[in-house]
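Enquirer:
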Amino acid sequence: MSVTAALGFLASGITAGLKESGDPDLALVVNRGPSRAGAGVFTSNRVQAAPVRWSRAVLADGRVSAVVLNSGGANACTGPGGADDARVMAECTARAVDATAEEVAVCSTGLIGIRLPMERVTAGISAAAEELSAEGGEAAAVAIKTTDSVHKTAVATGDGWTVGGMAKGAGMLAPGLATMLVVLTTDADAPAELLDAVLRDAVRTTFDRVDSDGCMSTNDTVLLMASGASGVTPAAADLADAVRSVCEDLARQLIGDAEGASKEIEVAVLGAASETDAVEVGRSIARNNLLKCALHGEDPNWGRVLSAIGTTSAAFDPDRLDVAINGVWVCRDGAEGESRDKVDLSDRRITVAVDLRSGSSSAVVWTNDLTAEYVHENSAYSS
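Heads up: the sequence shown is residues 58 to 440, going by this note's numbering.
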């Protein structure tokens, strides 16, 4: 049930006429309490959409009662008029769900540089408010899709409490965040300060480790809302584990649905001198287009892995690097290891493991292969 798996939440997803396709394009998620604690993490792109700026202000006091989301238009790079549109979306939602505009987060996704058709948006918000229900999570997840081929939801349960979530994202996927809208909900009783801490920690090792194409969006938003409706106050560590579990599940779904991808690639870096080194190496490998093309062609070209490692500032000795592809250590001590012929790359999921042999830190970065379909998708879709 996605974001409505947790008690105290209602959701809906409707067609407001924002997409030429006629597909659903507007969603609401409403927290009915008794608590309305919230936290958010946003894109680090210096060019930020109007909804991101609005929602940052909303989350500043750790309280959020609802979020309105639209696909079919990013409301990014739209000037003062776009800022007014984000505010109007919040005000219209607030009236429809009996909240204040300052407690309504706004999320938008779609083409950059185009104003939203606000008459359709406001009419859609009113229609979506009429459709709100405890079973509306799936419809909401469908309504926020853009180039996504499937909607994305996840749930984790604790002892008498639940964390649910939905996400959209298929392209412009790179850290800080990927081009994503994510709404997480929990019926646990937790203060905003704790929500902020567990969300930031979860995002750091999940959504910020998704690196499909090296392109960072203007609209990325991850929200976490707590209703307290279960009456249960879980241990901070248990809540953190559940939130991270949902985030990792959704992050893997984003890579699985990356535009044109035929391979999902996990880059695991071991033996690093620091986590920073491990992430830098993992990201360099994940962004190596030559390697991504090789893996698309099912060629275990480990030389391209070493080449990517060599561009980083991480601590390592080139003559002590080990690389495994799908469990076969094709490179040992910076030279040829086991036969490449042993590597089976026919499955969709591929693991590239690198041992820097320079310490005890590690990190995982997720990416995908580079395909002709990806090029077609991004030449046919104006962004």
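Each residue gets a CB set at the ideal place from its N, CA and C atoms; glycine is no exception.
Given a cut-off of 8 Å on the beta-carbon distance, is the pair G222 and L251 in contact?
Expert: no
Enquirer: Report the residue from I342, A381, G97 and D314 whose alpha carbon sits nearest the alpha carbon of R405.
Expert: D314
Enquirer: Pick helix, strand or coil for N346, following the three-state DSSP scheme.
Expert: helix
Enquirer: Quick one: give me the first and last residue of the beta strand (DSSP E) that A94 is part of.
Expert: A94 to F99
Enquirer: Apply the 10 Å Cβ neighbour rule to S419 and answer buried if 16 or more other Cβ atoms are within range, or exposed otherwise.
Expert: buried
Enquirer: Please look up how many angstroms separate the CB atoms of I322 and V409, rounded, as I've assumed it's under 8 Å.
Expert: Confirmed, Cβ separation roughly 6 Å.
Enquirer: What does V411 pair with, by DSSP beta-bridge criteria?
Expert: V326 and V380
Enquirer: State whether the stretch 370–377 contacts the stretch 355–362, with contact taken as three or more CB pairs (one from each stretch) at a distance under 8 Å.
Expert: no
Enquirer: Is the number of C-beta pairs between the stretch 85–105 and the stretch 283–303 that are closer than 8 Å three or more?
Expert: yes
Enquirer: If we ignore side chains and look at the alpha-carbon of each, how far apart do T157 and V422 end up?
Expert: Those two C-alpha atoms are separated by around 39 Å.
Enquirer: Expressed to the nearest angstrom, what Euclidean distance is found between the alpha-carbon atoms of A153 and A186?
Expert: 6 Å
Enquirer: What I want to know is whether the C-beta of D118 ends up closer than 7 Å to one or more non-hydrogen atoms of the ligand NAP.
Expert: Of ligands this structure carries none, so the ligand NAP is not represented either.
Enquirer: Give me the Cβ distance between T278 and V109, rounded to the nearest whole Å; I'm assuming they're in contact under 8 Å.
Expert: 6 Å
Enquirer: In the DSSP assignment, the beta strand (DSSP E) including L252 goes from what residue to what residue?
Expert: Per DSSP, L252 belongs to no beta strand (DSSP E); it is in the alpha helix (DSSP H), A249 to T262.
Enquirer: Distance check for T61 and A84, CA to CA, integer angstroms please.
Expert: 13 Å
Enquirer: Going straight from the alpha carbon of V300 to that of I169, what length do you get?
Expert: 30 Å
Enquirer: Quick check: the Cα distance between N425 and C304, rounded to an integer number of angstroms?
Expert: 18 Å
Enquirer: Which one of Q105, V161 and G70 has the shortest CA to CA distance from L121?
Expert: The sequence given here has Val at residue 121, not Leu. When each option's Cα is compared against that of V121, the closest is V161.
Enquirer: Is DSSP giving I171 helix, strand or coil here?
Expert: coil
Enquirer: Roughly how many angstroms lie between the CA atoms of V411 and A325, to the nearest whole one?
Expert: So the alpha carbons of these two residues sit roughly 6 Å apart.
Enquirer: When DSSP labels each residue in this structure, what does G181 get in the three-state scheme?
Expert: helix
Enquirer: Looking only at C-alpha atoms, which of K320, T203, A133 and G79 sits nearest to A171?
Expert: Checking the sequence shown, residue 171 turns out to be Ile, not Ala. Considering only alpha carbons, the answer is A133.
Enquirer: Over what stretch of residues does the alpha helix (DSSP H) that includes S359 continue unbroken?
Expert: Ser is not the amino acid found at residue 359; the sequence shown has Trp there. W359 to I366 is the extent of the alpha helix (DSSP H) around W359.
Enquirer: G70 and G130 look like a contact to me (Cβ under 8 Å); what is the Cβ gap, rounded to whole Å?
Expert: Contact between G70 and G130 is absent: CB atoms are separated by about 16 Å, not below the 8 Å threshold.
Enquirer: With a threshold of 16 other CB atoms inside 10 Å of the CB of S403, please say whether the residue is buried or exposed.
Expert: exposed
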